[in-house]
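Undergrad: To start, I am sharing the structure in question, which I have written as structure tokens.
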Amino acid sequence: MPHHLLGIIDPEVDFSVHNFVHHALLAADAIVQKNQLPIIAGGSNSFIQALLNNDTELPSKYECCFLWMDLAIPFLHSYMSRRVAQMVDNGLMEEAKIFFDPEIRDYDNGIKHSIGVPEMDEFFRSEGLVDGETRTKLLKAAIDEIKMNTCKLACRQVLKILRMREEFGWQIHRLNATEVFLQHGGDANEAWEKLVLEPSMNIVARFICKENIDLKPTAYEQLV
Numbered sequence: 002m003p004h005h006l007l008g009i010i011d012p013e014v015d016f017s018v019h020n021f022v023h024h025a026l027l028a029a030d031a032i033v034q035k036n037q038l039p040i041i042a043g044g045s046n047s048f049i050q051a052l053l054n055n056d057t058e059l060p061s062k063y064e065c066c067f068l069w070m071d072l073a074i075p076f077l078h079s080y081m082s083r084r085v086a087q088m089v090d091n092g093l094m095e096e097a098k099i100f101f102d103p104e105i106r107d108y109d110n111g112i113k114h115s116i117g118v119p120e121m122d123e124f125f126r127s128e129g130l131v132d133g134e135t136r137t138k139l140l141k142a143a144i145d146e147i148k149m150n151t152c153k154l155a156c157r158q159v160l161k162i163l164r165m166r167e168e169f170g171w172q173i174h175r176l177n178a179t180e181v182f183l184q185h186g187g188d189a190n191e192a193w194e195k196l197v198l199e200p201s202m203n204i205v206a207r208f209i210c211k212e213n214i215d216l217k218p219t220a221y222e223q224l225v
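Under my numbering, residues 2 to 225 are what the sequence shown spells out, in order.
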């Protein structure tokens with residue numbers, strides 16, 4: 002499946018909501034012209050809200066189906082903490098340092114505004130100025146701050162989804178994936194297929210084909 006709008010913007014350049022709406026509409030139209038289904042995956046809820054605002058072309062041209070894969074908050078925070086640790090192991094520090102400038106503290110533009118970059122500032126500035134023990138403490142503090150800010154962002158995203166439901170009346174299908182993260186190995190794969198994949202495919206099939214497919218109430222929750 003081809004992906005769109007990846008790698009099209011310089012990391013140093015601000016990518017506004019207006020920019021996203023413009024590029025997303027062009028991509029959606031191009032996909033539909035090929036008789037394919039556009040899928041908007043992930044991203045900022047503010048961007049999605051702007052794309053589906055009545056001021057844009059998309060709501061007047063296309064029907065929309067909303068799928069929301071959710072986790073219970075404690076599991077969501079635990080997963081994100083592990084994910085941040087994994088990102089550190091995979092080179093987060095080296096990637097963030099590319100955007101570090103010892104002369105200025107400007108983290109308001111482009112990718113520098115993203116979680117994972119400004120939190121590392123003090124650690125990078127301490128290089129060659131403090132002992133190893135202090136550096137270790139500064140690194141731990143930076144990683145802890147990244148984890149905290151990531152969890153705060155997740156909570157804001159959930160609240161934003163609920164507000165979009167209330168303010169705009171969107172019918173949002175909530176897929177509870179908590180059980181998937183409680184399982185391991187083959188059991189996790191089975192839970193994923195039962196609680197996320199199968200209900201998602203059924204919801205989309207019903208949306209596209211207008212089929213009257215009965216969904217198990219335990220598999221998903223429709224927020225109306």
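Beta carbons: idealized from backbone N, C-alpha and C, even for Gly. On a predicted model such as this, the values are computed, not experimentally measured, just so you know.
If you run the structure through DSSP and keep just helix, strand and coil, what is N190?
TA: Translated into positions along the sequence shown, residue 190 becomes position 189. Helix.
Undergrad: Identify the residues that DSSP records as bridge partners of F67: which are they?
TA: For this step, residue 67 is matched to residue 66 along the sequence shown. DSSP, once it has assigned bridges, lists I173 as partnering F67.
Undergrad: I want to know whether the stretch 169-183 touches the stretch 191-202 - three or more CB-CB distances under 8 Å.
TA: yes
Undergrad: State buried or exposed for P200, treating a residue as buried only when at least 16 other CB atoms are found within 10 Å of its CB.
TA: Sequence index remark: in the sequence shown, residue 200 carries index 199 (1-based). Label assigned to P200: buried.
Undergrad: Consult DSSP for I40 and reduce its assignment to one of helix, strand or coil.
TA: By 1-based counting over the sequence shown, the position of residue 40 is 39. Coil.
Undergrad: How would you label M206, buried or exposed, when you count the other beta carbons within 10 angstroms and need 16 or more for buried?
TA: Stepping through the sequence shown from its first residue, residue 206 is reached at position 205. Looking at the sequence itself, residue 206 is Ala, so the reference to Met does not match. Exposed, since its Cβ has fewer than 16 Cβ neighbours within 10 Å.
Undergrad: Please work out which residues of its chain come closer than 7 Å, Cβ to Cβ, to M77, disregarding the five sequence neighbours upstream and downstream, and give them in chain order.
TA: Position 76 of the sequence shown, counting from 1, holds the residue named residue 77. Looking at the sequence shown, residue 77 is not Met but Leu. Cβ within range, chain order: A155.
Undergrad: The ligand NAD and G43: does the residue's C-beta get closer than 7 Å to at least one heavy atom of that ligand?
TA: Looking at this structure, you won't find the ligand NAD or any other ligand, since it has none at all.
Undergrad: Just how far apart, CA to CA, sit A29 and E128?
TA: Start at 1 with the first residue of the sequence shown, and residue 29 comes out as number 28. Start at 1 with the first residue of the sequence shown, and residue 128 comes out as number 127. Computed Cα separation, rounded: 46 Å.
Undergrad: Where does V225 sit, in a helix, a strand or coil, going by DSSP?
TA: Taking the first residue of the sequence shown as 1, we reach residue 225 at position 224. Interpretation of V225 is limited by its pLDDT of 46, a score under 50 that renders its predicted location unreliable; the figure taken from the coordinates is listed afterwards. In this structure, V225 counts as coil in the three-state DSSP scheme.
Undergrad: Determine the closest residue to I147 out of F124, R164, L163, with distance taken between C-alpha atoms.
TA: Indexing the sequence shown from 1 puts residue 147 at position 146. Checking every option, the nearest Cα to that of I147 belongs to F124.
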